[in-house]
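A short worksheet on the structure shown next.
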Amino acid sequence: MANVTSTAAPERLQLLRVLGPAHVWALGVGIVLVGEYMGWNFSVGKGGMIAGLVACWVAGLLYTCVAMIDSEVTSTVAAAGGQYAQAKHIVGPLMAFNVGLFLVMAYTMLEAANAITVGFLLDTVAGMLGHSGLNQKPFIILAVMFLAWLNYRGVLATLTFNLVITAIAFVSIIVLFISVQFGGSAVPLDFSAITSDPLPYGWVGIVAALHFGLWYYLGIEGTCQAAEEVRSPARSLPYGTMAGIMTLLIAATLTWYVCSGLIPWEYLGQAGTPLFDAARVTGSTGLMMLLFVGTTFATLASANGCINDASRAWFSMGRDRYLPSWFGAVHPTYRTPYRSIVFLVPIALIFALGAPLDQVVTFSILSGLLGYTFMTFNMVMFRKKWPLDSIKRGYVHPFHPIPALLLLVLCATAYVAVFLGYGTQLIAMMCFYIVASLWFHFWRYRFVKRGDQFTMPWPRPNGY
Amino acid sequence: MDIWNILEYAAWALSALFGALMLIDLLKVDTTYDNDLLTSSREGEIEATAERHTI
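Line by line, the protein sequences are chains B and X.
Our numbering runs 3 ahead of the 1-based position in the first sequence.
Our numbering runs 516 ahead of the 1-based position in the second sequence.
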């Protein structure tokens, strides 16, 4: 290869530090908000209206713990890769490799699920307008290709785009709530099923509902992936993440309230696009159009954020030689991890075009859950090795270790919930990670430059 | 052929366009710049100079 620009180019190519707290919010909420537009409602189908609400708030508690823990650790380990970089510094290489894979799998699967949803949405609209049998494939591919190209071209434009479409999607939920609350709906809110049919499948229905309750918030931890591209990580990451979880708690509760009040729970539990369906029930064309736009924007924002996060995790692993170092390249003009972005496109497309939506979503949820389980002992080890008076933190979460322990209990409950519905997938996923770990331990780790991977200027940990 | 058929063809064409833009640029960058420069990014470099982690 010719080295034609060596004199003009900078000594090192780094990712650009151009993002602020609003971009961090847009990344976290953007990935997640699609869960309010679809997916969460299967929790109502599993256990009824009350189970849906309990799942919404219990999952909300789980993710509040995730957001607090992540905010503290990431405000200190400000590196691309997020939880991967945390695991590398705090636990060890094998854990880091697994966490990196959890992240890439969770976000790539979620991206595939979002692309499938774009195709489904357009098929629905085409059907409503009298065109049956729409070929969804070109739209699925276009969604992935366009967003990958946007990510390729630069992080500032990508996340500013996410900020705009995520804000519109969030405002759409608020507008629907206000309209319904103040008489803008042809059908009044009806919560009579809460008393007439409170728990149709008993208490086990609540546990089963928790699986899909995660969908309200799944992905908020993705804010950490922006750590190397924000101007002030110690301030922006906790601020954006905590603002994000607050936004989602509001959006999730409003979504449950409006949809459960307008749509009978038996139907809501199977609906493909519950918020859009709720808007259709109101009889208002304006609300229907707004919620269609909201659904589409939420889906695109999620896929966009997923491409951003999966590529950063893959890039970080390549940079540390946990994967071939070829993936650790930065674009000289756009300053993005361009090879990782391009490499993950066909993988997302294979799942988007070849796997059913519920399987793809379950693989994403399982990978996310494994990541949350890691966070619990990661947090305990972090405080033990580097107590509060040893290194500066941008945010210190309260009541330690209660959030970590609570998160562990909730994760265990969620595993049971997932096992009830998707036991085979859970075991298959575990087998995949075990095989990958063996490959890393017995083959790949020999290529890692062991001293170079620990980069934080921290003091020696307690006990070492 | 209705509008949806036309949109399907447009989606195929745009997908190919975005894919080609990325691939052509990737090949161009990889053949223009030295790989050592492209993979020269180091984690934590800014933290090492900007933050000392002293209380």
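We treat Cβ as the ideally placed atom computed from N, Cα and C, and that holds for glycine.
Asked	Found
Alpha helix (DSSP H) segment containing Ser-175(B), residue limits	158-184
is_contact[Met-384(B), chain X] using C-beta, thresh 7 Å	no
Per DSSP, the bridge partner or partners of Leu-145(B)	In the DSSP output, where bridge partners are listed per residue, Leu-145(B) has none listed.
Environment of Gln-273(B) [buried if 16+ CB atoms lie within 10 Å]	exposed
Exposed unless 16 or more other CB atoms sit within 10 angstroms - verdict on Ser-199(B)	exposed
Beta-bridge pairing of Val-233(B) - partner residues as DSSP gives them	Leu-22(B)
Residues near Ala-189(B) by beta carbon distance below 7 Å, same chain, minus five either side	Thr-285, Gly-286
C-beta neighbour in chain B for Met-517(X), strict 7 Å	no
Interface flag, Pro-141(B) vs chain X, CB-CB below 7 Å	yes
Interface flag, Leu-543(X) vs chain B, CB-CB below 7 Å	no
Positions along the region 140-173 of chain B whose CB lies within less than 7 Å of some CB in chain X	Pro-141, Phe-142, Ile-144, Leu-145, Met-148, Phe-149, Ala-151, Trp-152, Tyr-155
Three-way DSSP call (helix, strand, coil) for Phe-450(B) in this model	helix
Chain X within 7 Å of Thr-339(B), Cβ atoms only	no
Cβ pair count under 8 Å reaching 3, the region 239-254 of chain B against the region 17-37 of chain B	yes
Distance CB(Pro-267(B))-CB(Ile-53(B)) smaller than 7 Å	no
Inter-stretch contact (C-beta, 8 Å, three-pair minimum) for the region 382-394 of chain B and the region 126-137 of chain B	no
Segment limits, alpha helix (DSSP H) that includes Pro-406(B)	405-445
Span separating the alpha-carbon of Phe-194(B) from that of Phe-123(B)	30 Å
Beta carbon proximity, Ala-527(X) to chain B, threshold 7 Å	yes
heavy atom of the ligand FAD below 6 Å from Thr-548(X) C-beta	This structure lacks the ligand FAD, and indeed carries no ligand of any kind.
Same chain, Cβ closer than 8 Å to Leu-554(X), five either side skipped, listed in chain order	Val-545, Asp-546
Contact set for Pro-360(B): own chain, Cβ-Cβ below 7 Å, skip 5 residues either direction	Sequence inspection shows Leu at residue 360(B); the Pro mentioned does not correspond to that position. So the list reads Ala-116, Ile-119, once near-sequence residues are dropped.
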